[in-house]
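Student:
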Amino acid sequence: MSIDDSFNDNDDDKKNNHFEIYHRSGQTKEEVIETNERLRAVRIRLEESYDTAKKSLITLMTKYTESKSTRNVFQRYNLLKAMIKEVIRLETQYWTLVEIPKQEKQETVPSFVLRACGIVEKSQKSGEGVKSTAKLAEEDEKKRERIDRLCGKRVLNS
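Residue numbers (the numbering used here): 1 to 158.
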């Protein structure tokens, strides 16, 4: 049933007292909220990775610039060796290599984003360790608060 149909008087709906309002994408309200949560979680993960990479590159650039002032070749070699070790540590610690495929010509942008989101989620699940019960409870509570906030906004706007 679409939004337009939900306003029509229909005896079946009156008997069941059940209305499903669909987003223009064809998804129910719950599906739209779930999609929003998935995209938000992936965005946060990518932003964290981006910030880590940016800070690391700035630090390495600063260290490299400072190493140029060192006249002793052996001391400079040790500084550069330490920087290379830092790059290797960052790569193994923070990055799971994820191959996100190219968008196909017939594929819409939303479907491509959701497909890429699924790939990132899979890599995140395989790369993360076991979370504590307290951490999981905290994440669930935050998720419920966001969903309540989204539902509240929808009620106020309608």
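Cβ coordinates follow ideal geometry from the N, Cα and C atoms, glycine included.
1. Leaving out five residues on either side along the sequence, give the residues of the same chain with a beta carbon under 7 angstroms from the beta carbon of residue 70.
2. Kindly indicate the opening and closing residues of the alpha helix (DSSP H) around residue 43.
3. Report all residues from its chain with a CB closer than 6 angstroms to the CB of residue 42; omit the five preceding and five following residues, and keep chain order.
4. Measure the beta-carbon distance from residue 48 to residue 143 and round it to whole angstroms, keeping in mind my assumption that it falls under 8 angstroms.
5. I need the DSSP call for residue 101, collapsed to helix, strand or coil.
6. How many angstroms separate the CA atom of residue 109 from the CA atom of residue 65?
7. Under the rule that 16 or more other beta-carbon atoms within 10 Å means buried, what is residue 140, buried or exposed?
Tutor: Quick answer:
1. 76, 79
2. 29-67 is the span of the alpha helix (DSSP H), which, as asked, contains residue 43.
3. 117, 120
4. The Cβ separation is near 18 angstroms, so there is no contact.
5. coil
6. 42 angstroms
7. exposed
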